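There are 4 protein chains.
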Amino acid sequence: MTDVPDYGKTFALWRAGAGTTWQGYTCHGFVEGLADGRLPQKAFLHYLVQDYVFLVHFSRAWALGVVKSETLGEMKTCATTVDALVNHEMSLHVSTCAAASISEEALFAAAEEVENLAYTRYVLDAGVSGDFLDLMAALAPCVFGYGEIGARLAKTAAPDTPYGEWISTYGGPDYQDVCRTVGAMIDGAVQRRLGAEPADAARWPQLQVRFTRATALEVGFWDMGLRGA
Amino acid sequence: MTDVPDYGKTFALWRAGAGTTWQGYTCHGFVEGLADGRLPQKAFLHYLVQDYVFLVHFSRAWALGVVKSETLGEMKTCATTVDALVNHEMSLHVSTCAAASISEEALFAAAEEVENLAYTRYVLDAGVSGDFLDLMAALAPCVFGYGEIGARLAKTAAPDTPYGEWISTYGGPDYQDVCRTVGAMIDGAVQRRLGAEPADAARWPQLQVRFTRATALEVGFWDMGLRGA
Amino acid sequence: MTDVPDYGKTFALWRAGAGTTWQGYTCHGFVEGLADGRLPQKAFLHYLVQDYVFLVHFSRAWALGVVKSETLGEMKTCATTVDALVNHEMSLHVSTCAAASISEEALFAAAEEVENLAYTRYVLDAGVSGDFLDLMAALAPCVFGYGEIGARLAKTAAPDTPYGEWISTYGGPDYQDVCRTVGAMIDGAVQRRLGAEPADAARWPQLQVRFTRATALEVGFWDMGLRGA
Amino acid sequence: MTDVPDYGKTFALWRAGAGTTWQGYTCHGFVEGLADGRLPQKAFLHYLVQDYVFLVHFSRAWALGVVKSETLGEMKTCATTVDALVNHEMSLHVSTCAAASISEEALFAAAEEVENLAYTRYVLDAGVSGDFLDLMAALAPCVFGYGEIGARLAKTAAPDTPYGEWISTYGGPDYQDVCRTVGAMIDGAVQRRLGAEPADAARWPQLQVRFTRATALEVGFWDMGLRGA
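So the sequence lines, in the order shown, correspond to chains P, A, E and V. Residue numbering for the first sequence follows the working numbering, beginning at 277 and increasing consecutively. Residue numbering for the second sequence follows the working numbering, beginning at 277 and increasing consecutively. Residue numbering for the third sequence follows the working numbering, beginning at 277 and increasing consecutively. Residue numbering for the fourth sequence follows the working numbering, beginning at 277 and increasing consecutively.
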């Protein structure tokens, strides 16, 4: 499909291995609502508050990636990602929510819904119970899925959708660069640990399970967003 | 060599891969002193106090094995090992030390020497930074080395060595059973993650590094013991 | 209330601090269905399969307690609990499910529902992000709540409820002993770290948040059970 | 003493609590050799190679700080520190070592000496076994000690010492700012968890043990450096 951005070999394999769960995530009704602008603002704000808390724990999981790195390159990519998330990406949420009179303290203290809790703690536990690859397989659907959605919506979204800033954040060149950098790092990490034909490795099915599971948890996250409407 | 007990395929590979470091550990002067009885009692007690603290952290590392297990069998073997260490093996140290007027509270509070600290925290960090196999590769030299030493000394030690209880603990059938059970569990864990030819896997050299490193840290531990004389 | 068993000071404080969330958990419709026998068997089996997977991760969390212990007593209680869970308590589930033609392999491989995933990973992350007390506060509602429910139902359940074995497991003397042992250990752990007046400590509200959150996740677990009917 | 920089209340308490171990670290022969220029270059390079590997694991420990943070401020300070270490501070080592024909790959792969291994893994395990404060108490001696040494040597070192770049790195305004920022963050973290009078808290002696232990491990690190001469 021409719409699929190139974020590396590993992502292409994992994406294919997730089957229709991947489309269930990237073409979810919430996403289509961002594109055509019909997503209720209440649902969007509900999502945004939850996503802020998500990013807190997602940043913790990327920091765990630094703890579990085996090469300097892996460390640098993970450290840069943590810094980008904590010191920059969360600002989008803060400013958008501030415009809706939701303070950053309120964001940080927001009660996590069960779908949110389940997702981030699953990712963290993938790192605690497994190795760097287990963690990356669980982190990947969010990073790359938002990249793929952003890239598609940047081309296809209704010009008057009120969600243009969200779309340009993830469809824009900075975030697309992040996806390519992370994708290349993961390709190297996979080759280092599983060799040149990773899909033949004994551990591969287990990594696919993690990727697919995290993808399914993204579907639950969008469901939760719609429920906020 | 006829003296090498059979604790499974993985141990045989790791042992061979460690080269002369393995003999530096299992045939160390401290060990020979246990066998011929010439090890000064002061060195033995110094070792025993440090080994008690070692077992505290070694038990923590086996407990981390429960956290990182992927199968029920792995969980059960690790849980049983923790229970055996915490509720039984440490008793040998406690009773021997009690006979030398060292209380269990004194043992638990003993200041770790740097070789001791380095070893156990290296093992724990192998588990934190890697996966179940990384942890097992770092745990293996202690488990299997003591089994090999015990089995050899049970046959060859001077009949009048004062260290007969130590020798019969590790050379006796209970501990030899532990070695075979752990060896079989590790063989299964390796096959599950690396396939039928684990030594061909891309990760194998890294696992060997961990095993060899932990073996070298055992050498340092005996050195520390002798220093206590 | 005369029905509240004595599992120590800390539990009494945490239980009171959880307010009505505690009754929402211990007097949930699922529990009342166990007592009067009206719980559909399908709901019970659905719960039992999920609870088996729950116990896998709950055991991992208790093993993390060994990793995070500061005293030998804490280590021993946690190690004994892991051993009891992995080598004994899970057997109740296995035999009951076997009678319903569900194999242990099927249990171990069962897909976790989101409420289950959220709960156990929240507990594990309490241990990863915090210290021994953070972990204990998140483990406590399950241990003590089942004890309280079991003790109450042992006295009040309909004599012909088909769930007598479940009730006698948790209401029986062995499990009640576990609750008192764990309760005493937690009291000691709290005193060691927070002093004689723990509820005055700066950290106390945070520990209460963890206990209450885990209690709310128990409510979600029963809800999930009923949904299986 | 006028030479003691102000890095916050907690540091002042911990520093005093460490007694003469603190001076054993900050006024070590290695440090005096940096000041008067008499430190053999071979010892300095030996130290620098080991310190590079130290920083790899020290960065991992700061990343663990992100995982264990409870506030956004804690997360930001830890994330910024990881980024500074991984993407900047290690560059000093790389460029200095490159001038001595030691490549960054050689640095990353350098075999850790036992004092180095013991120190960094002790710090990491402080975080794994304890909470955010346990980790900070173990991280603090390196951060603040280098600041204090740098500040003192910037005023007192021989003008012709060949180690001027090291001194200006740690004595310069950027690093002194880091010390004040980290010190303020730790003060806040301590107050949040232990209240306004932290030294009265039940946990305080345990935190002091960690700080003092890590300080003693710094002494061992300098010893190791001198041994390289």
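Beta carbons: idealized from backbone N, C-alpha and C, even for Gly. Every value quoted in this text rests on a predicted model; they were computed, and no experiment measured them.
Limits of the alpha helix (DSSP H) - the one that residue i falls within
i, result
"V:S377", "Looking at the DSSP string, V:S377 is not in any alpha helix (DSSP H), and its letter there is neither H nor E."
"E:S335", "Q317 to K344"
"A:A430", "F408 to T432"
"V:D450", "P449 to L470"
"V:R489", "W480 to R503"
"E:D401", "V390 to S405"
"V:L289", "K285 to G293"
"V:A386", "No alpha helix (DSSP H) contains V:A386, which DSSP labels as neither H nor E."
"E:C354", "L348 to A360"
"V:G313", "Note, V:G313: premise wrong, no alpha helix (DSSP H); not H, not E."
"V:T437", "That residue, V:T437, is in no alpha helix (DSSP H); it is neither H nor E in DSSP."
8 Å Cβ cutoff met for residue i and residue j
i, j, result
"V:T353", "V:M500", "no"
"E:D407", "E:K318", "no"
"E:T432", "E:L310", "no"
"V:L248", "V:H369", "Residue numbering for chain V in the displayed model covers 277 to 505; residue 248 of chain V lies beyond these limits and cannot be assessed."
"V:F487", "V:A394", "no"
"A:I443", "A:G426", "yes"
"V:A360", "V:V454", "yes"
"V:V307", "V:S335", "no"
"A:A430", "A:L483", "no"
"P:G464", "P:G293", "no"
Test: residue i CB closer than 8 Å to a CB of chain V
i, result
"A:G496", "yes"
"A:H304", "no"
"P:A387", "no"
Within-8 Å CB hit, residue i to chain A
i, result
"P:R486", "no"
"P:K344", "yes"
"P:D463", "no"
"P:S367", "no"
Environment of residue i [buried if 16+ CB atoms lie within 10 Å]
i, result
"E:Q326", "buried"
"P:P449", "exposed"
"V:D282", "exposed"
"E:G305", "exposed"
"A:G295", "exposed"
"P:D401", "buried"
"V:R503", "exposed"
"E:A472", "exposed"
"V:P481", "exposed"
"A:H364", "exposed"
"A:S377", "exposed"
"V:S379", "exposed"
"V:E441", "exposed"
"P:S367", "exposed"
CB contact below 8 Å: residue i versus chain P
i, result
"E:L400", "yes"
"E:E381", "no"
"E:L483", "no"
"A:D312", "no"
"A:V458", "no"
"E:R397", "yes"
"E:L393", "yes"
"A:R336", "no"
For residue j and residue i, believed in contact at Cβ under 8 Å, the rounded distance
i, j, result
"A:Y398", "A:L493", "6 Å"
"V:L409", "V:R489", "Going by Cβ atoms, the distance from V:L409 to V:R489 rounds to 15 Å, so no, they are not a contact pair."
"V:V329", "V:N392", "6 Å"
"V:V419", "P:V358", "That belief does not hold up - the Cβ atoms of V:V419 and P:V358 are roughly 19 Å apart, past 8 Å."
"P:H333", "P:T396", "3 Å"
"A:T457", "A:Y451", "The Cβ separation is near 11 Å, so there is no contact."
"P:T302", "P:P474", "Between P:P474 and P:T302 the Cβ distance is about 23 Å, and since that is not below 8 Å, they are no contact."
Residue i at chain E interface by Cβ criterion, 8 Å
i, result
"V:A490", "no"
"V:A413", "no"
"V:M277", "Note that V:M277 scores 48 on pLDDT, short of 50, meaning its location in the model is unreliable; the coordinates nonetheless yield the value given after this. Not an interface residue."
"A:N363", "yes"
"A:T356", "yes"
"V:A416", "no"
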